[in-house]
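Here the sequence shown stands for residues 0 to 294, numbered as in numbering that gives the first Met the number 0. Report on the structure given below.
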Amino acid sequence: MKEFLKLVLFSIICSEYSAQTMNSSLNSLISTEYSFSKSAAEVGTRDAFLKFISDDGIIFRPNPVNGKKFLSESKPSGGLLSWYPVIAFVSRAGDLGFTTGPWQWRQNRIDSVALAYGNYCTVWQREANNEWKFVIDLGNRNDKPSVLPERLKIDTTKLNSSFLIKMIKHEKPDELIELDKQFALISSKIGVEAAYKKFVNDKSRLLRDGKFPIIGRQQISEYFTQQFAGYNLKPIDGRISSSKDFGFTYGELEIIKPDSVRRAVSKERNNYMRIWKKEQKRWIIIVEVANIIPQ
C-alpha cells in the first residue's frame, strides 16, 4: 500500500512539474517572439532574423534554403516587417514550439501605412544555452484585415528561468513524413475535403495566399468544397519533439485543379509547412501553410 501511495505521489509531482515546465516554456516563447519583432523595428528585418534564427534554420526564397547563410549574404533592406503572435504552443518537453499571427510590411520604417499584409507561422526550438531560436518560418499574403486579432499576452507569473530544459536530440520526423504520404494517398482515394476531415479539429487553421486564416473544421470543409482534383505532397524534412507530441514537416505541395475552360487540369506548385500535435494518441494538423512558388 505504501509503495502504491509513493507511486501515486510521484506521478502527481511529475505531472505538476511537467505542467509548470510547459507554462514557463510557453511564456518564454511568447516573450521571445515579441523580442524578435521589437528587434526588427530597432535593427532591421535582416539583422533581427540573423539574431533569432537557428544555425540550421530554414526560410523560403522561394525554395527552402539555410536561412543564416542566405541572410548573411543578403543586403539589409529599408523596409519594416512587423508582426505579433495570436497563438503559441510548446511541446510537453518544452523543447519545441510554434507561434502564428498577422504581419504587416512598410516600405520605410517611418511609414504609417502598410503596403502588404499576411499571416506567418514560425517553429522554434530550445538551443543548448536554453534560448529559443526559430528553425523554420513560412507565411502567406492576404488583403488588409478590417479587424486585427487580439495579441497574445505574457503571463509573467509563469516565467521561471529556473526551468532549464535538458537538450535532448529531437526524434527523426519519419512518423510525420509518413503521415504526409498517407494524407496524399487518402486524398487521392476519397477526395481532398474528406482527407482533411480526418486530420483537423475545430482549432486547426490553414494559411493560404489571398485568404484570411481558415479556422476550424467547418471553414476548412467549406474551403475545400471548391473543386480540387488532387494534392501531391513531396515532404522534404521535419522534426519531432523529444516528448513525441509535437512536430512539423515541410516540402512541396502540388495542387491540382480542374480547368473547365480548357477541359484539363492546372497544377499549382506550393511550398508547404505543417504543424502536427498529438491529441489523445492521434496526430492533428494544427496549422498548415501553403505558399505559391513563383513560376
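Note that the Cβ used here is the ideal one computed from N, Cα and C, for glycine as well.
On the criterion of 16 or more Cβ atoms from any shown chain inside 10 Å, does residue i qualify as buried, or is it exposed?
i, result
"Glu278", "exposed"
"Glu287", "buried"
"Ser265", "exposed"
"Ser24", "buried"
"Pro75", "exposed"
"Asn118", "buried"
"Glu32", "buried"
"Val42", "exposed"
"Arg150", "exposed"
"Ser27", "buried"
"Gly237", "buried"
"Ile217", "Note that residue 217 is Gln in the sequence shown here, rather than Ile. Exposed, by the Cβ-count rule."
"Leu232", "buried"
In terms of residue numbering, what span does the beta strand (DSSP E) encompassing residue i cover?
i, result
"Val134", "Trp131 to Asn141"
"Ile57", "Ile52 to Phe59"
"Leu95", "Leu95 to Arg105"
"Val122", "Ala115 to Arg125"
Hey, how far is the Cα of residue i from the Cα of residue j?
i, j, result
"Tyr222", "Ser81", "28 Å"
"Lys243", "Asn107", "43 Å"
"Phe281", "Asp110", "Before going on, a small fix: residue 281 reads as Arg here, not Phe. If I take the Cα positions, the gap works out to 46 Å."
"Ile153", "Leu70", "30 Å"
"Lys171", "Glu253", "24 Å"
"Lys37", "Ile176", "35 Å"
"Ile235", "Ile255", "20 Å"
"Asp303", "Thr224", "Since the displayed the chain opens at 0 and closes at 294, residue 303 lies outside it and no answer follows."
"Val146", "Pro101", "11 Å"
"Ser240", "Pro257", "39 Å"
"Glu174", "Asn269", "22 Å"
"Ser160", "Gly66", "Here Ser160 scores only 45 on pLDDT, less than 50, and its place in the model is too uncertain to base an answer on."
"Ile274", "Val112", "32 Å"
"Pro84", "Gln294", "31 Å"
"Gln181", "Lys196", "14 Å"
"Ala40", "Ser186", "43 Å"
"Asp142", "Asp55", "32 Å"
"Arg91", "Ile285", "16 Å"
"Ser34", "Leu79", "15 Å"
"Val7", "Thr121", "Model confidence at Val7 stands at a pLDDT of 34, short of 50, so the residue's coordinates are unreliable and nothing is read from them."
"Phe144", "Glu72", "Note on residue identity: the sequence assigns Pro, not Phe, to residue 144. Looking at the two C-alpha atoms, the distance is approximately 34 Å."
"Pro212", "Arg204", "6 Å"
"Asn128", "Asp179", "32 Å"
"Leu184", "Gly77", "45 Å"
"Asn290", "Asp201", "22 Å"
"Ile29", "Lys276", "18 Å"
"Asp94", "Glu126", "8 Å"
"Trp104", "Ser220", "31 Å"
"Pro148", "Tyr116", "13 Å"
"Leu302", "Arg140", "In the structure as shown, the chain starts at 0 and stops at 294, and residue 302 therefore has no counterpart that could be examined."
"Val89", "Thr99", "12 Å"
Against chain B, with Cβ distances strictly below 7 Å, would residue i count as a contact?
i, result
"Thr248", "Absent from the structure is chain B; it holds one protein chain and no more."
List the endpoints of the continuous alpha helix (DSSP H) containing residue i.
i, result
"Ala193", "Val191 to Lys196"
Please determine whether the Cβ atom of residue i lies at a distance below 6 Å from any heavy atom of the ligand ZN.
i, result
"Pro144", "Here there are no bound small molecules, and the ligand ZN is not part of this structure."
Handout entry: Inter-stretch contact at 8 Å, needing at least 3 Cβ pairs: the segment 113 to 132 / the segment 39 to 56
Key = yes
Exercise for the section: Decide yes or no for the touch test of the segment 211 to 230 against the segment 191 to 199: beta carbon pairs closer than 8 Å, at least 3 of them. Expected result: yes
Problem - Complete beta strand (DSSP E) runs within the segment 257 to 281 (minimum length 3 residues, chain order) - result: 263 to 278
Problem - Completely contained alpha helix (DSSP H) runs for the segment 204 to 232, where each covers 4 or more residues - result: 215 to 222
Handout entry: At least three beta-carbon pairs within less than 8 Å, the segment 203 to 221 to the segment 57 to 66
Key = no
Handout entry: Within the segment 62 to 87, ranges of the beta strand (DSSP E) (whole runs, at least 3 residues)
Key = 63 to 65 and 79 to 82
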